[in-house]
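Below is one structure, written out as structure tokens; comments come after it.
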Amino acid sequence: MTTSTFVAGRGFLYIFDARAKLFTVLLLCVMVFLPIRQTGLWTLVAASFLSAWYATDFKQALQPIKTILFVLVIMILFTPLTYRDGEVLVRLGQFPLATKEALVNLNILVARFLGITYICTLYMWTTPMADINLALRWYGLSYHAALVLTLAFRFVPYIADSFRMIQDSHALRNATVSDGERTGRHRLADLMPTVTAALVVALKSIPHLAMSLEHRGLGRETKRTSYRRLVAKGGLFTHLLLSVMIPTVFWLVFNTL
Amino acid sequence: MKSTDSSKMTALRIALMAVLTATVVVFTLMVRVPTPIKGYISLCDVVITFSAFLFGPWIAAIAGGLGTGIADLIGGYAQWAPLSFVIHGAQGLLIAVIARSGLASGVPGDANILKLILAGVVGMVVMAGGYYIAGGVLYGFEAALVEIPLNLLQSGVGVVLGIAVSRAVLKAYPPVRSLSL
Amino acid sequence: MKTAVDIADLSFTYRRYGGQAQPDPVLRAVTLSLPEGSKTLVLGAPDSGKSTLSKILCSLVPRHFDGDLGGAIRIDGTDISTCTPWELMTRVTLVAQNPQEQLLMTTCADEVAFPLESLGIERTALVDTVHNALQRWGLYSMAQVNPQEISGGERKRLLLAVTEAIDAPIWIMDEPFDDLDEQWRQLLLSRILGKKGTVVVFASRYLDEFRGNFDTYCHLFGGNIVRKSEEEIVVEFDRECELQFAPMQEEPAELPNHELHCTNLSIVHPRRSVSSDQPFSLSVPEFNIASGEVVALVGPNGAGKSTLSRVLCGLDPLVEGSITIDGSAIAGKGLQTRVGYLFQNPDYGIFLPTVRDELGWSLRQIRRLGTEEREQMVRSCARLFHLDLDDNPTMMGYGARKQLQAAVYYLLDRPFVIIDELDSGVTYAAAFEIVSLLRKNGAAIVIITHDRSFARNIAQRQYTITNGVVSPSEVGV
Chain A
1 MTTSTFVAGR GFLYIFDARA KLFTVLLLCV MVFLPIRQTG LWTLVAASFL SAWYATDFKQ
61 ALQPIKTILF VLVIMILFTP LTYRDGEVLV RLGQFPLATK EALVNLNILV ARFLGITYIC
121 TLYMWTTPMA DINLALRWYG LSYHAALVLT LAFRFVPYIA DSFRMIQDSH ALRNATVSDG
181 ERTGRHRLAD LMPTVTAALV VALKSIPHLA MSLEHRGLGR ETKRTSYRRL VAKGGLFTHL
241 LLSVMIPTVF WLVFNTL
Chain B
258 MKSTDSSKMT ALRIALMAVL TATVVVFTLM VRVPTPIKGY ISLCDVVITF SAFLFGPWIA
318 AIAGGLGTGI ADLIGGYAQW APLSFVIHGA QGLLIAVIAR SGLASGVPGD ANILKLILAG
378 VVGMVVMAGG YYIAGGVLYG FEAALVEIPL NLLQSGVGVV LGIAVSRAVL KAYPPVRSLS
438 L
Chain C
439 MKTAVDIADL SFTYRRYGGQ AQPDPVLRAV TLSLPEGSKT LVLGAPDSGK STLSKILCSL
499 VPRHFDGDLG GAIRIDGTDI STCTPWELMT RVTLVAQNPQ EQLLMTTCAD EVAFPLESLG
559 IERTALVDTV HNALQRWGLY SMAQVNPQEI SGGERKRLLL AVTEAIDAPI WIMDEPFDDL
619 DEQWRQLLLS RILGKKGTVV VFASRYLDEF RGNFDTYCHL FGGNIVRKSE EEIVVEFDRE
679 CELQFAPMQE EPAELPNHEL HCTNLSIVHP RRSVSSDQPF SLSVPEFNIA SGEVVALVGP
739 NGAGKSTLSR VLCGLDPLVE GSITIDGSAI AGKGLQTRVG YLFQNPDYGI FLPTVRDELG
799 WSLRQIRRLG TEEREQMVRS CARLFHLDLD DNPTMMGYGA RKQLQAAVYY LLDRPFVIID
859 ELDSGVTYAA AFEIVSLLRK NGAAIVIITH DRSFARNIAQ RQYTITNGVV SPSEVGV
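Protein chains in written order, with our numbering: chain A, 1 to 257; chain B, 258 to 438; chain C, 439 to 915.
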């Protein structure tokens, strides 16, 4: 199983410092919930889509929409039906299908959701996990917490591989000639052996991990040094300034003008 | 016995959190049971329930929250990650707290079956309710209603399998007790 | 000369857990004193306590794996029971047999850097050390690659790079030559011999590279350690492991008559190791095996032995070519019910609390049998494989877990059985017995191994994988 969320590409987003970029993401995510104009919301969606397209390619840029398609469809189907106040635009007999307020509401909800989706996804695409970890450390995350995060990423492929082998091993062991259609209840029961074996394999690695952490010096009182570091080209201050300016400009343009 | 040695606890606690978190990630992304409506439901709740019954509130909260959060990041649902972190974290925490309440010794999973079910049901409510509120804020309470039955189904399967698996693991791998802090 | 490692009357027994019989002591009375700068080889059969002893020497057992420890260990004169592992890390470094136990980070560079960061080494020196260590072990180009995506041999090298980077005066190495190709074995040997400090190498096979290169030779046997001349130790060790080969002349009484035949298989696999850019491909012009036969499948690490096995037992789909059993084409589920596959790791199949349950589970899945009859079969099978029905499978030694895995397939009665790397982790004698039992049961057996002397002793025919092609070859070559 691949654990990388990074997508190789080009442009400013890859140079933008992980710490400053994270701050921008936060500000933008808050901004979409403030009373900003609808045109502003859609400009933000368009801007983040175009950034995604420029950074990677068109196909990749469409990817986030695919992941939220189900929710989008539900939104379009349900929001107007349940939001009944206001001026009725479409009517089915006596039943108001959509009101003006409902459509405005739907419009804001869709744009907001798309915006948040693209902003968060872009951050993950353009920032290597190790840098995200360092950024979180910079914001005050403890070393131990950051270590848990790194170790979790270390163990995902290991447990995924083991799990796949366990499934195979049980499939071979349980293979019978007369294997008709399995009912849902059976399928759930079939999961028991594999899930149990997988959990035992995972648990067995815990004392080994604790042991190795100590053997590699976790617990020493000397201050840890760091092999990795974040380097902001042109100075961190510039990057942080930018990270505040981007949302501010957006806000000023679409809320006061 | 060195289990009172607090220095060892640090490494062991980190190891427990990391491995269980990774297990939650794998179960969220890999083990999927087909359903007619949404396509698939994941089995992350099984591991969260399991962690709560065997390792108590804090480990379960971290494993559940961080595990589902990371799974969201890897699976391409980054916007959900912080919300999953809070919701599944609270789910793991509460399941363990309820199961453990009034228990003098042992792991929370040693409680009688009714209490385990009660804890599981509370977990279901927290999970489905949490996603309803989060979904409501993100894309409207109307659309968020649709997800409630699916989330109840997913966490319900999690409770049933979680109880069964916890008991199976306690029997199949007795040293698990010495890992619980 | 100063004493670097002083082991006095060391005994160790793992803790007993609920439902488990009292475990036997792993170490009974180990006494050994090694001067500074000495190079020691300790030969010990699988499950002889090598790994336990190596971890005790680094103060990791019983700290992380509970048990009763008796006696004392002094490293440079200090009793290590008063030391924590992180204090000891500047004195002793362990290379564990299984690299997965020790890997912590998500890139090779971070893996080497982690202990240096713990030591507080200043950044410029740290970066230099990391790069030099990776360079030396041929991993520089993989600095940013995830250790989970590299091969077993590369992982071993990564741990050796970490060990060199820490540069502790004492190295404890558990099967460090395992999984390494010739070139890297030579490098490791020269690093060990050139080291100023003390090195203890634990091994379960006596390799040609060892001859005459160590100054102390020991044999770990029955929980005790003996120290003799190299010649005597090797003879003694051989007697323990190899000469117990039971001759396999005994023919099965009633041999079924099945034949599996492959023609023109072509298998393409997405590449597993990042070290090669080529997608992995394997072609099998002809491969066949019949009831009663034991056939070896040999080839270097990563040659595709497991890939072929997965196709043969129906786990991976067949892209091109055909597989027939007794003349009729067969695939997928059909293969799965006819060809068994014993994964290298026996834990994948284990999930129930007792041996009785595990064995009974297979029978329940497979046949409609009476309770009495089933119990009878389980009992006699357990006896054949030296298993205690009430034992807890996850807590048994590695050798016993391999026996349980084989016992499961014995009961399943598959006409064809593939056994992956049986010889690593169990004695030749135990491996040999497992194969004889399955064969006596009527199975045709494919043995996957990279140990040619094992292949020579056990198989009647052999296939070798060279450059992506499977072809028949002389046994043991």
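Every residue gets a Cβ at the ideal spot worked out from N, C-alpha and C, and that includes glycine.
Look at the beta carbons and you see the stretch 663-680 of chain C not touching the stretch 729-743 of chain C: under three pairs across the two are nearer than 8 Å. At least one CB of chain C lies nearer than 8 Å to the CB of A/Ile-166. In the DSSP assignment, the residues bridged to C/Lys-666 are C/Tyr-655.
Taking the C-beta atoms as reference points, C/Leu-822 is found no nearer than 8 Å to C/Thr-792. When the beta-carbon positions are compared, C/Gln-535 and C/Asp-612 come within less than 8 Å of each other. Taking a 10 Å sphere around the C-beta of C/Asn-879, we find 16 or more other C-beta atoms and assign the residue as buried. Buried is the label assigned to A/Ser-205, since at least 16 other Cβ atoms lie within 10 Å of its Cβ. Per DSSP, A/His-170 is one residue of the alpha helix (DSSP H) stretching across 143-174. What A/Thr-196 touches in chain C, judged by beta-carbon distance under 7 Å, is Phe-789, going in chain order. In summary, C/Leu-876 is buried, with 16 or more beta-carbon neighbours lying within 10 Å of its beta-carbon over all protein chains present. Assignment of beta strand (DSSP E) within the stretch 570-609 of chain C, counting only whole runs of 3 or more residues, yields no such run. Inter-segment contact for the stretch 131-139 of chain A and the stretch 94-111 of chain A is absent: fewer than three beta-carbon pairs are separated by less than 8 Å.
Closer than 8 Å to the CB of B/Ser-435 there is at least one CB belonging to chain C.
By the rule that beta-carbons nearer than 8 Å mark a contact, C/Asp-504 touches chain B.
Neighbourhood of A/Tyr-123 in chain B, by CB distance below 8 Å: Ala-335, in chain order. Around the CB of A/Pro-35, fewer than 16 other CB atoms lie within 10 Å, so the residue is classed as exposed. Near chain A, meaning a CB-to-CB distance below 9 Å, the residues of the stretch 553-576 of chain C are Pro-553, Leu-554, Glu-555, Ser-556, Leu-557, Gly-558, Ile-559, Glu-560, Arg-561, Leu-564, Val-565, Val-568. With respect to B/Ile-352, B/Thr-306 sits close: the two C-beta atoms are nearer than 8 Å. Minimum Cα-Cα distance from C/Leu-554 among the listed residues A/Val-231, A/Arg-220, A/Leu-236 corresponds to A/Arg-220.
When Cβ-Cβ separations below 8 Å define contact, B/Ile-390 makes no contact with chain A. The beta carbon of C/Gly-456 sits closer than 8 Å to some beta carbon of chain B.
With respect to C/Leu-618, C/Lys-594 sits close: the two C-beta atoms are nearer than 8 Å.
DSSP, read as helix, strand or coil, puts C/Ile-788 in coil.
Taking the CA atoms as reference points, C/Gln-460 sits about 15 Å from C/Ser-449. A/His-215 places its beta carbon less than 8 Å from that of C/Leu-532. With respect to the C-alpha of C/Leu-693, the residue from C/Leu-626, C/Asp-504, C/Ala-728 having the closest C-alpha is C/Ala-728.
Residue environment: C/Thr-701 is assigned as exposed (fewer than 16 neighbouring CB atoms within 10 Å of its CB, all protein chains considered). Counting only runs of at least 4 residues, the stretch 333-388 of chain B fully encloses the following alpha helix (DSSP H) elements, listed from N- to C-terminal order: 338-357. With respect to C/Ala-446, C/Pro-473 sits apart: the two C-beta atoms are not nearer than 8 Å. With at least 16 other beta carbons inside 10 angstroms of its own, C/Arg-852 counts as buried. For C/Pro-473, there is no enclosing alpha helix (DSSP H); the enclosing beta strand (DSSP E) covers residues 465-473. Taking a cut-off of 8 Å for Cβ pairs, the stretch 359-372 of chain B and the stretch 339-348 of chain B do not touch, as fewer than three such pairs fall below it. Residue-level contact by beta carbon holds for C/Asn-830 and chain B, with a gap shorter than 8 Å. The beta carbons of C/Leu-756 and C/Leu-703 sit about 7 Å from each other, so the pair counts as a contact at 8 Å. Collapsing the DSSP output to three states places B/Lys-428 in a helix. With distances taken between CA atoms, B/Leu-407 lies nearest to B/Tyr-389 out of B/Leu-427, B/Ala-376, B/Gly-313, B/Tyr-389.
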